[in-house]
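**Student:**
Number of protein chains: 2
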Amino acid sequence: MSEVQPTSPNVALLGRPGGRAMLDTPALVVDRAALDRNIAAMAAHARAAGIALRPHIKTHKSVAIARRQLAAGALGVSCVTLGEAEIMVRAGIPGVHLTSPPVTAAKLARLVALARAPHRGLSVVIDHADTVAALSAALLGASAPLAVLIDVDAGQGRTGCTIEAAPALVRAVQDAHGLRLAGIQAYAGHLQHVAIRAERRERSLRLAERLRGLLRQLAAMDLPVPIVTGGGTGTFDLDPEARVFTELQVGSYVFMDVEYLQALADGRNAPPFETALFVATAVIGVNQPAYLVTDAGLKCFATEGPRPEPARGAPSGSRYAFFGDEHGKLFVPTDAARPALGAVIECVTPHCDPTVNLHDFYHVVDGDTLVEIWPVDARGKR
Amino acid sequence: MSEVQPTSPNVALLGRPGGRAMLDTPALVVDRAALDRNIAAMAAHARAAGIALRPHIKTHKSVAIARRQLAAGALGVSCVTLGEAEIMVRAGIPGVHLTSPPVTAAKLARLVALARAPHRGLSVVIDHADTVAALSAALLGASAPLAVLIDVDAGQGRTGCTIEAAPALVRAVQDAHGLRLAGIQAYAGHLQHVAIRAERRERSLRLAERLRGLLRQLAAMDLPVPIVTGGGTGTFDLDPEARVFTELQVGSYVFMDVEYLQALADGRNAPPFETALFVATAVIGVNQPAYLVTDAGLKCFATEGPRPEPARGAPSGSRYAFFGDEHGKLFVPTDAARPALGAVIECVTPHCDPTVNLHDFYHVVDGDTLVEIWPVDARGKR
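Read top to bottom, the protein sequences are chains A and B. Every letter in the first sequence is one number past the one before it in the working numbering, and letter 171, counting from 1, is 151. Every letter in the second sequence is one number past the one before it in the working numbering, and letter 296, counting from 1, is 276.
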């Protein structure tokens, strides 16, 4: 799958002073210093807590950002789609872990091809006995076994088997040809955005208690599970306290979107992460008295969560509203100066993961300057 | 900007009987016969009504589909982003019209480059005097003038000048160096989904009356506007009746999504278009008693409108709900047979335009067979 990346129309701005405000819009913008501070803060937290990091790249889908996370000490990356895992493995990223079970014949064939190609510690979750059997059969004759974790439903009800069903599945993997039992996964997606920290903590610790029971049961059955993986940006400081996870799959901390900024805005426990991701949009319509019209709409921002929040270039107190596929409304306070036709405004992204997936490039800025352009390598990869 | 398209993982299924149900999911699926019937029905309607078609390719972003529309008699295509127009012009598509005003220095530079390259009748809208001046200055020394239409706000309040301000802008284009006055545009986006046909008709005809007044005024000022463009799938049969438009910018009729199927579901006046677009998703989780888990979430479907509707492969009466970035919930009636782990289900797309923009390929089917794979050429192009 050789792919030539298309070229961003902003290449000519690289290194040019003030280039950030001249970006051809709409454009995804990442503040490199803020990104690196977020990566360093999570790495320091994990080191202090004695827990490993396998950050989730579903958020950024970028080899360049994965490399920065690895350089800060991460032992690998987590991927939700097989297409993401293929991109990461082919880029030489170590410790690639697939967090959603591959099930169809098409996916199992691709997974087996990936497992037979050079990789540096690929692992995958399974949550059903039929998949254990199918993957084992598909790996017939493989030179090395594939690392498998059993996906346990942490209460979200999405993927994962019940905690009660887990021991039998763990046993099935242990006994299956071509598979190597590597651990269990329990991702509490439903707890990440619980707005009250005390409730988030209480529910996280209760889940940990149930997982601890499962681990005791597996130990008694002589089924070693070296890895216990889970956790997210919403519970990054609660999961280590539970002392059941060996590693965290945190993702959104690299960017911090409106959704997480709202959910984690608990005064005394504000997370040590800052906004690093924006979408730059230009004012293209000034004919309406009540608002300005911008060139970023619902093909540029995730629409299922909160709204984008105007930041750099917009008067304080401005609000953004969707206005169709390719346009937005920018409401500016009546006592503020109206941005001019053509002015570039940056917005904090509403939900970072699906916003990133709408863009081909990160325009990497250092202050006012465009310093690098990184492809969104795994955009749209399933 | 030379671009090598990545390869769909479904290439191996081309021509294989039953391949449609074996697609590597999630996958965008287009029913070629239904697509062609929709294109033919709109072409026949336009011919009978004596109105031209310049279909909007923001819906499909595909050169292959644009060619089918041209083969059925369309005189060109409409594009909302300059990136779409670049793709269409470079593919040799004639009559490319840009329906949103280019404003920033970056966009004007790209537009001028496109206008100086070989094209077969490029046109663009403007809605502000500053842009008339800027584009005229940027085109200094160009060998041929660029066709410009004045964008008039049809009541949606998005792009476009007021009807009252239009004559002065039309005059400015007429007088500007490097520009050729080609017409006016009035797109009534706000009327397309008005659910009651009688109201849609009444408001469309009222708008037409106002535009007719503008055209009389321009004629009296000796400002010829040969083209009057606008209209959409929601008013395709009302706009010709108004006898003010010379051409229609209809887009969604090629696919018919849940949004339009709901809006136009007026018994006696059901439109002659049928669903031609689906997203194929696989059942990847069967551990929950209340629902199945699928592999298509909010990175595969537009989320700002109605929900996807389960169709082929799903028991009648099934419902779909979003379940995060990469997963969906499929609720199946209790008395129906549950689809098996790995089964492929197709869903009607909620809002077709932003759904298509999330995919790299159309998997083109004829009955049960995958017969072609078309790239979504202008996906993500701004």
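Virtual Cβ for every residue (Gly too), placed ideally from N, Cα, C.
Does the distance from the CB of Phe341(B) to the CB of Arg292(B) come in under 9 angstroms?
**Tutor:** No, Cβ-Cβ distance for Phe341(B) and Arg292(B) is not below 9 angstroms.
**Student:** Alpha carbon to alpha carbon, what distance is there between Ala14(B) and Arg0(B)?
**Tutor:** If I take the Cα positions, the gap works out to 15 angstroms.
**Student:** Starting from Glu363(A), find everything on chain B with Cβ-Cβ shorter than 9 angstroms and list it in chain order.
**Tutor:** Absent from the model: residue 363(A). The displayed extent of chain A is -19 to 362, so no value can be given.
**Student:** Look at the alpha carbon of Ala29(B) and the alpha carbon of Val104(A), and state the distance between them as a whole number of angstroms.
**Tutor:** Taking the straight line joining both Cα atoms gives about 59 angstroms.
**Student:** Give the secondary structure of Asp217(A) by DSSP, where H, G and I count as helix, E and B as strand, and everything else as coil.
**Tutor:** Of the three classes helix, strand and coil, the one that applies to Asp217(A) here is coil, per DSSP.
**Student:** Enumerate, from N- to C-terminal direction, the unbroken alpha helix (DSSP H) stretches of 4 or more residues contained entirely within the segment 203 to 288 of chain A.
**Tutor:** 219 to 222, 238 to 243, all fully within the segment 203 to 288 of chain A.
**Student:** CB-CB under 8 angstroms to Thr39(A), same chain, minus the five flanking residues each way: which ones, in chain order?
**Tutor:** Answer for Thr39(A): Gly231, Ser232, Val234, Phe235, Cys332, Asp333, Val336, listed in chain order.
**Student:** Please classify Glu64(A) as buried or exposed, where buried requires at least 16 neighbouring CB atoms within 10 angstroms.
**Tutor:** So Glu64(A) counts as buried.
**Student:** Using 8 angstroms as the threshold, is the segment 166 to 184 of chain A in touch with the segment 128 to 136 of chain A, meaning 3 or more CB pairs across them?
**Tutor:** Yes, since at least three Cβ pairs between the segment 166 to 184 of chain A and the segment 128 to 136 of chain A fall closer than 8 angstroms, the two stretches touch.
**Student:** Since Thr261(A) and Leu241(A) are thought to touch, with beta carbons under 8 angstroms apart, how far apart are those beta carbons, to the nearest angstrom?
**Tutor:** Not quite, the Cβ-Cβ distance comes to about 19 angstroms (not below 8 angstroms), so this is no contact.
**Student:** Residues of chain B with CB closer than 8 angstroms to the CB of Val266(A), please, in chain order.
**Tutor:** Under the 8 angstroms cutoff, chain B gives His108.
**Student:** Would you identify the three-state DSSP class for Glu144(A), choosing helix, strand or coil?
**Tutor:** It is coil, neither helix nor strand.
**Student:** In terms of alpha-carbon separation, which member of Ala20(B), Gly140(B), Pro269(B) lies closest to Thr209(B)?
**Tutor:** Measuring from the Cα of Thr209(B), the nearest candidate turns out to be Gly140(B).
**Student:** What residues match up with Tyr361(A) in a beta bridge as DSSP calls it?
**Tutor:** It should be noted that the sequence gives Lys, not Tyr, for residue 361(A). Looking at the DSSP assignment, Lys361(A) forms no beta bridge with any residue, so it has no partner.
**Student:** Where Arg(-4)(A) and Leu203(B) are concerned, what is the direct C-alpha to C-alpha distance, given to the nearest angstrom?
**Tutor:** Distance between the alpha carbons of Arg(-4)(A) and Leu203(B): 44 angstroms.
**Student:** Leu195(A): which of Gly360(A), Ala358(A), Ala146(A), Ala156(A) sits nearest, CA to CA?
**Tutor:** Nearest option by C-alpha distance: Ala146(A).
**Student:** Answer with buried or exposed for Arg160(A), where buried requires no fewer than 16 other C-beta atoms within 10 angstroms of its C-beta.
**Tutor:** So Arg160(A) counts as exposed.
**Student:** Per DSSP, what are the beta-bridge partners of Tyr167(A) in this structure?
**Tutor:** Its beta-bridge partners do not exist; DSSP assigns none.
**Student:** I need the DSSP call for Asp348(A), collapsed to helix, strand or coil.
**Tutor:** Coil at Asp348(A), not helix or strand.
**Student:** Span of the beta strand (DSSP E) holding Gly308(B)?
**Tutor:** From DSSP, the beta strand (DSSP E) with Gly308(B) extends over 308 to 311.
**Student:** State whether the segment 105 to 118 of chain B contacts the segment 77 to 87 of chain B, with contact taken as three or more CB pairs (one from each stretch) at a distance under 8 angstroms.
**Tutor:** Result yes; three or more Cβ-Cβ pairs closer than 8 angstroms.
**Student:** Output yes or no for whether 9 angstroms exceeds the beta carbon distance between Asp275(A) and Glu306(A).
**Tutor:** Result yes, Cβ atoms of Asp275(A) and Glu306(A) sit closer than 9 angstroms.
**Student:** For Val224(A), I'd like the list of residues in its chain whose CB is within less than 8 angstroms of its CB, leaving aside the five on either flank, ordered along the chain.
**Tutor:** Ala188, Leu191, Arg192, Leu195, Val208, listed in sequence order.
**Student:** Is Val69(A) closer than 9 angstroms to Arg100(A) when the C-beta atoms are compared?
**Tutor:** In contact: Arg100(A) and Val69(A) (Cβ atoms closer than 9 angstroms).
**Student:** Quick one: is Ala7(A) near chain B, going by C-beta distance under 9 angstroms?
**Tutor:** For Ala7(A), the answer is yes, since a Cβ of chain B falls inside 9 angstroms of its Cβ.
**Student:** Can you grab the Cα-Cα spacing for the pair Ser116(B) / Ala320(A), in whole Å?
**Tutor:** For Ser116(B) and Ala320(A), the distance between alpha carbons rounds to 19 angstroms.
**Student:** Residue range of the alpha helix (DSSP H) that Leu194(A) falls in?
**Tutor:** First-last of the alpha helix (DSSP H) with Leu194(A): 177 to 200.
**Student:** Return yes when the Cβ of His339(B) is within less than 9 angstroms of the Cβ of Gly360(A), no when it is not.
**Tutor:** It is a contact, given that the beta carbons lie within the stated cut-off.
**Student:** Helix, strand or coil, according to DSSP, for Ala127(B) in the structure here?
**Tutor:** If DSSP states are grouped into helix, strand and coil, Ala127(B) belongs with the strands.
**Student:** Using 9 angstroms as the threshold, is the C-beta distance between Thr329(B) and Phe281(B) below it?
**Tutor:** Their beta carbons are under 9 angstroms apart, which means Thr329(B) touches Phe281(B) by this criterion.
**Student:** Out of curiosity, what's the CA-to-CA distance linking Gln165(B) and Pro206(B)?
**Tutor:** Cα to Cα, Gln165(B) sits roughly 11 angstroms from Pro206(B).
**Student:** If you count every other CB in all the chains shown that lies within 10 Å of the CB of Leu350(A), and 16 or more means buried, which is it?
**Tutor:** Buried.
**Student:** If we cut at 9 angstroms on Cβ distances, does Phe311(B) have a partner in chain A?
**Tutor:** So no, Phe311(B) is outside the interface.
**Student:** Give me the Cα-Cα distance between Ala358(A) and Ile67(A), rounded to the nearest whole angstrom.
**Tutor:** Cα to Cα, Ala358(A) sits roughly 6 angstroms from Ile67(A).
**Student:** Between Cys141(A) and chain B, is any beta-carbon pair separated by less than 9 angstroms?
**Tutor:** Answer yes: the Cβ-Cβ gap between Cys141(A) and chain B drops below 9 angstroms somewhere.
**Student:** Which chain B residues are close to Ala339(A), counting only those with a beta carbon under 8 angstroms from its beta carbon?
**Tutor:** Reading off the sequence shown, one finds His at residue 339(A), where the question assumed Ala. In chain order: Gly360.
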